[in-house]
Amino acid sequence: MNSVPVAFVDSLVAHLSKCALRDLFLTSGNFASRAAHHYRQRRYLDVYLKLEGSDVGVEVKYGHDEVPFQLDPLFDRIVRIESTDSRNVASKTVPMDRFENSVLPALRSVMDRCRLLLAYSALGLKHEPVTLIILVITGRHNHNPADGWNGVHKMMQKL
Numbered sequence: 002m003n004s005v006p007v008a009f010v011d012s013l014v015a016h017l018s019k020c021a022l023r024d025l026f027l028t029s030g031n032f033a034s035r036a037a038h039h040y041r042q043r044r045y046l047d048v049y050l051k052l053e054g055s056d057v058g059v060e061v062k063y064g065h066d067e068v069p070f071q072l073d074p075l076f077d078r079i080v081r082i083e084s085t086d087s088r089n090v091a092s093k094t095v096p097m098d099r100f101e102n103s104v105l106p107a108l109r110s111v112m113d114r115c116r117l118l119l120a121y122s123a124l125g126l127k128h129e130p131v132t133l134i135i136l137v138i139t140g141r142h143n144h145n146p147a148d149g150w151n152g153v154h155k156m157m158q159k160l
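Heads up: the sequence shown begins at 2 in this note's numbering, then just goes up one per residue.
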């Protein structure tokens with residue numbers, strides 16, 4: 002076998018960190034050009050979620066710039082998801098069922114060592130942000146707010 006198919010190389014280098022991509026494209030060899038391409042195209046994204054009635058507000062940022070919600074699993078990595086109650090997240094609002102069935106699988110497919118942040122209010126942790134984060138982690142929308150952190154901890158242990 003004298004060559005490796007480009008599709009195989011793409012799928013392989015898509016799983017490498019940006020640091021590893023840089024090291025690979027600095028070498029000479031068959032993978033160097035594909036690694037350089039992936040290095041240039043890689044985006045580390047932040048996602049902000051806000052429960053707005055029966056809808057979910059979704060905002061995606063690359064650095065300080067808002068970007069359209071069009072994720073490319075080859076190049077995009079979500080490194081932060083923040084569930085908020087105070088931030089104005091109005092770029093895209095979707096119904097909860099669409100969030101669960103379409104948006105959430107897209108988010109989960111490109112999460113990479115993702116930090117999950119919950120919003121706090123003056124009275125303590127609010128139910129809505131916890132529900133969104135539980136949904137992101139587990140894919141199940143069944144957290145009981147009366148359980149508080151014990152309920153969150155129990156759900157996390159089941160994962």
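Built from N, CA and C at the ideal position, the CB exists for glycine as well. Values in this document were obtained by computation on a predicted structure and should not be read as measured data.
Under 8 Å between C-beta atoms of residue i and residue j
{"i": "phenylalanine 70", "j": "arginine 44", "result": "no"}
{"i": "leucine 22", "j": "valine 14", "result": "yes"}
{"i": "leucine 46", "j": "lysine 62", "result": "yes"}
{"i": "valine 111", "j": "isoleucine 82", "result": "no"}
{"i": "aspartate 56", "j": "valine 95", "result": "yes"}
Simplified DSSP state of residue i, which is helix, strand or coil
{"i": "serine 34", "result": "helix"}
{"i": "arginine 24", "result": "Here the sequence assigns aspartate to residue 24, which means arginine is not the residue at that position. It is helical."}
{"i": "serine 84", "result": "strand"}
{"i": "proline 106", "result": "helix"}
{"i": "aspartate 47", "result": "strand"}
{"i": "leucine 13", "result": "helix"}
{"i": "aspartate 73", "result": "coil"}
{"i": "valine 7", "result": "helix"}
Buried or exposed by the 16-neighbour rule on C-beta atoms within 10 Å, applied to residue i
{"i": "lysine 19", "result": "exposed"}
{"i": "valine 7", "result": "exposed"}
{"i": "valine 5", "result": "exposed"}
Neighbourhood of residue i by C-beta distance below 8 Å, restricted to the same chain and skipping five residues each side
{"i": "lysine 93", "result": "Gly58, Val59, Glu60 and Phe70"}
{"i": "leucine 25", "result": "Val14, Leu17, Phe32, Ala33 and Ala36"}
Same chain, Cβ closer than 6 Å to residue i, five either side skipped, listed in chain order
{"i": "leucine 118", "result": "Glu83"}
Contact set for residue i: own chain, Cβ-Cβ below 7 Å, skip 5 residues either direction
{"i": "alanine 107", "result": "Leu72"}
{"i": "tyrosine 40", "result": "Lys19, Leu22, Arg23 and Phe26"}
{"i": "methionine 97", "result": "Ser55, Asp56 and Val57"}
Residue span of the beta strand (DSSP E) that contains residue i, given as start and end
{"i": "glutamate 60", "result": "56-63"}
{"i": "valine 95", "result": "93-96"}
{"i": "valine 111", "result": "First-last for valine 111: undefined, no H or E at that position."}
{"i": "glutamate 67", "result": "66-68"}
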